[in-house]
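Step one of this worksheet: look at the structure below.
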Amino acid sequence: MDAPQFPGFEIIATLPHSGMSTVYKARQLALDRLVALKTLPAALASDPADVQQFLTEARITANLKHPNIVQVHDFGQTEQGIYYFVMEFISGYSLGDWIRRTQKLSEEHALLVAQSVAEAMQYAWQEARVVHCDIKPDNVIIDSDGTVKLADLGLAQSMRSAMDRAKTRLEIVYGTPNYISPEQSRGGTALDCRADIYSLGATLYHCLTGQMPFEDAPAATAIDLQITDQIPDALELNPHLSVAVVGLVEKMMAKDRELRQPSWEALLADIRRVLLHQKPDDGAWLPEGASTMQRSVPRETQPRIKVALPPSAPAPDPAPSVPISTTFQNVERRFVLRQQRKRKKKLGWWLAGVGLVGAAVLLLLFGAPLPRLQDSERSLPLLISAHLRERVSGAAEDSPESAAMHQENLRQRFAWVQQWPLTNAFQIREALRQYEQIASDTNATPYAALAAAEIHKLQDLIQQAAAAVMADLEAQTQPLIAQNNFGAAADSYDQYQGAWAAETAASRGAKVRELRGQSNAQQAQLSAAAQQAALHLSL
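Numbering of the sequence shown is given in my numbering, commencing with residue 348 and proceeding in unit increments.
Structure representation (structure tokens):
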């Protein structure tokens, strides 16, 4: 079936979609920019209540300006009576595609995605009391520059439009059955932000375990199961998760919304706590059976330690749900870098509200330089709490309690550094420094051998990166050398300030001396030739 005609737009393709709308990739001719056009189906356009719902949400969504929300530029109606949004076109891929490609996300990446979605919804709730109603992996997009964007606010309900619908129509279930809250499953219309918090919890569960809630159940059955049944404990499906993140998911997916985080602000505070390896809120667990997620694995008081496993073979790339203009690897790398920059911008006010140990964790986790310990402190682990630090400092070195605490902390440090994203020179250097310190602190223990192996890997990686820099500089200077412009070529090596400048300093210095020598020799030859010519002229 041919796409409808939208005046002022050239339809390029029909995009994969779910729900009641059709989405097109199009070019806005007047501005020569790519956009997405989302329509209201003709069957629903015949109902004035549906049309009013669509137009109300279009106005609300168009006024939402947030970096983590897909921007709505305009909305209108074609000559054939089709209503449509004009939206920002995103050239990345969905969170669902990411999960399908990698099977599951790392705990840190999943939390950072959830944090971005929560920030978007906090803004939408504050501005217009918007309830999205359909948060799920396929509605979370990673843009080609690494930005997390929440899409499909066309199914969102403002509080006002939800009440209008309750007055004029029978109750209708909105959202995707595997992710909707129990109150949505019951067809309720008095929804608030806690319904979306549940859906984000279900999305986070999917990211961490690779399994969709009630994955094998038919859609109609899944709706009922959200009310009555439970899904497997995340720790059963992924035993390497921390207890903190599992507690976060358990709370977000509480059957009774009164037991969930009461607001987006509270959820964001919990996410920040989990990123600092702390339990959500006051640390209390929900009553048994209160969450959609089971609690079949005992919740330990200490964080679970991730075990270093050999990398599994990558899953085959899925058929993307949106056109992808960059590779998955490049977009994921940009996602990491963007999250680090985002954390740095917020670091100033956040550090004022956390203790010294929390500051150290934040700085290392999000890419800012970690201050080196003084020699007197070097034997104390970086992640040790102030209270524990005093106990260790005041205990005898051969105290069994002190040794046990020290050993536990070293295990945590080793597991923590293994999660470090190695996406730039600073992160690799800091990871190397951490492993070197672990090797020093754990001399003659298995952790010393493990750290030594990681140090060897990172040193090889640094050597390869440095060699690549030198190869690039050689390629850049070849035209200059071919023109006998040895001085300019030497300046290229000498003035290089890019990645791995420190690691290539010796090699670049040798090239500078070599090229300066050639330049000096060339100048000497030219000077001698000039003197010879002058001598001939004087005779």
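Just so you know, even glycine gets a beta-carbon here, dropped at the ideal spot from N, CA and C.
Since this is a predicted model, take the numbers as computed values, not measurements.
If you look at Met599, you'll find it in the alpha helix (DSSP H) that goes Val590 to Met599. A Cβ-Cβ distance of about 24 Å is found for the pair Pro484 and Gly534, leaving them out of contact under the 8 Å criterion.
For Gln573, the enclosing alpha helix (DSSP H) stretches over residues Ala566 to Thr575.
A distance below 6 Å between beta-carbons, with the five flanking residues on each side excluded, links Lys626 to the following residues of its chain, in chain order: Ala591 and Gly594. Distance check between Ile785 and each of Gln765, Gln774, Leu769 and Leu884 places Gln765 closest, using alpha-carbon atoms only. Residue state for His803 is assigned as helix, using DSSP reduced to three classes.
With a contact defined as Cβ atoms closer than 8 Å, Ile437 and Lys372 miss out at about 10 Å. By the 16-neighbour rule on beta-carbons within 10 angstroms, Leu882 is exposed. Taking 8 Å as the cut-off, the beta carbon of Met640 is found no closer than this to the beta carbon of Glu605. Judged by their CB atoms, Val478 and Asp563 are not nearer to each other than the 8 Å cut-off. Cβ contact annotation for Asn831 (same chain, cutoff 8 Å, sequence separation greater than five): Gln869, in chain order. Excluding five sequence positions before and after Asp571, the CB atoms of its chain that fall closer than 8 Å to its own CB belong to Ser532, given in chain order.
It is roughly 40 Å from the alpha-carbon of His456 to the alpha-carbon of Thr824. Assigned with DSSP and collapsed to three states, Asp394 falls in coil, not helix or strand.
Gly548 is positioned such that its CB atom lies no closer than 8 Å to that of Ile489. The Cβ atoms of Cys554 and Ile482 do not sit closer than 8 Å to each other. The three-state secondary structure of Gln531, taken from DSSP, is helix. Ala875 and Ala857 have their C-alpha atoms spaced approximately 27 Å apart.
Taking the Cβ atoms as the reference, Ala467 lies roughly 5 Å from Ile416, within the contact range of under 8 Å. Note: Ser638 is bridge-paired with Ala601 in the DSSP secondary-structure output.
Per DSSP, Lys858 is one residue of the alpha helix (DSSP H) stretching across Ala852 to Ser885.
Here Pro524 has Ala566, Ala569 and Ile570 as same chain residues with Cβ atoms under 6 Å from its own Cβ, once five neighbours each way along the sequence are excluded. Under the three-state reduction of DSSP output, Ala814 falls in the helix class. Ranked by Cα distance from Trp611, the first of Tyr545, Asp580 and Thr550 is Tyr545.
Around the C-beta of Gln759, 16 or more other C-beta atoms lie within 10 Å, and the residue is accordingly described as buried.
In the three-state reduction of the DSSP assignment, Gln765 falls in the helix class.
By the 16-neighbour rule on beta-carbons within 10 angstroms, Lys602 is buried. Between Met559 and Leu538, the alpha-carbon positions lie close to 23 Å from each other. Taking a C-beta distance under 8 Å as the contact criterion, Thr425 and Phe353 qualify as a contact pair. In the three-state scheme derived from DSSP, where H, G and I count as helix and E and B as strand, Met559 is classed as coil. Here Thr361 is exposed, its C-beta having fewer than 16 other C-beta atoms within 10 Å.
Here His420 carries a strand assignment [DSSP, helix/strand/coil]. Around the beta-carbon of Gln879, fewer than 16 other beta-carbon atoms lie within 10 Å, marking it exposed.
Selection Ala778, Leu797 and Ser643 evaluated against Leu808 yields Ala778 as nearest (Cα-Cα). Leu582: member of the alpha helix (DSSP H) spanning Ala581 to Leu584, first to last residue.
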